[in-house]
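First residue of the sequence shown? That's 75 in the numbering used here, and the numbers climb one at a time after it. Beta carbons are placed, not taken as given, at the ideal position from N, Cα and C, and that holds for glycine. Remember, predicted model here, so these are calculated numbers, not experimental data. Report on the structure given below.
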Amino acid sequence: ARVHKKANDGSTPLHWAAWATRIKVVHYLLRHGANPNIQDADGNSALHLATDMGDSDTVEQLLDHRADAGIPNRFRCTAAHYAMQHGS
75 ARVHKKANDG STPLHWAAWA TRIKVVHYLL RHGANPNIQD ADGNSALHLA
125 TDMGDSDTVE QLLDHRADAG IPNRFRCTAA HYAMQHGS
C-alpha cells in the first residue's frame, strides 16, 4: 500500500481518513506505516483534521502513533488549539 502517496493538495490517505472520521482506515494506515505528522499544503496534519472534526477516537489513535500535537499549520494553529476549541 502506498500510505504516503500525496494528492495535489499535499494530503495523504491518512489525512482523508482522519477528516472523514474513518477510524478503521486510520488504524489500518497507521499499522502499515503511515506517518501521522505529514502536513498538507495548508500545514495540517491528520491530527489537525481529527481534532477539528471532534473525533476523539481518531485523535487517540494518532497520538498513540506519535502524532505531534504541537505542529503549527499555516495559520499558526496546532492540533492542540483545535482540540481546546472543539473539546476533543
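If distances are taken between C-alpha atoms only, which option among the options comes closest to residue i?
i, options, result
"ASP131", "ASN109, LYS98 and THR86", "LYS98"
"THR95", "LEU123, LEU104 and ARG148", "LEU123"
"SER85", "ARG105, SER119 and LEU136", "SER119"
"PHE149", "ASP114, LYS80, TRP93 and ARG105", "ASP114"
"ASP138", "HIS101, ALA91 and MET158", "HIS101"
"ASN111", "GLN135, ASP129 and GLN159", "GLN135"
"VAL133", "LYS79, TYR156 and ASP116", "TYR156"
Along the alpha helix (DSSP H) that carries residue i, what are the first and last residues, could you check?
i, result
"GLN159", "153 to 160"
"VAL133", "130 to 138"
"ILE145", "Note, ILE145: premise wrong, no alpha helix (DSSP H); not H, not E."
Considering only residues of the same chain and omitting the five flanking positions on each side of residue i, which have a CB-CB separation below 6 Å?
i, result
"LEU88", "LEU103, ALA108 and ALA120"
Please work out which residues of its chain come closer than 8 Å, Cβ to Cβ, to residue i, disregarding the five sequence neighbours upstream and downstream, and give them in chain order.
i, result
"THR152", "HIS122, ALA143, GLY144, ILE145 and PRO146"
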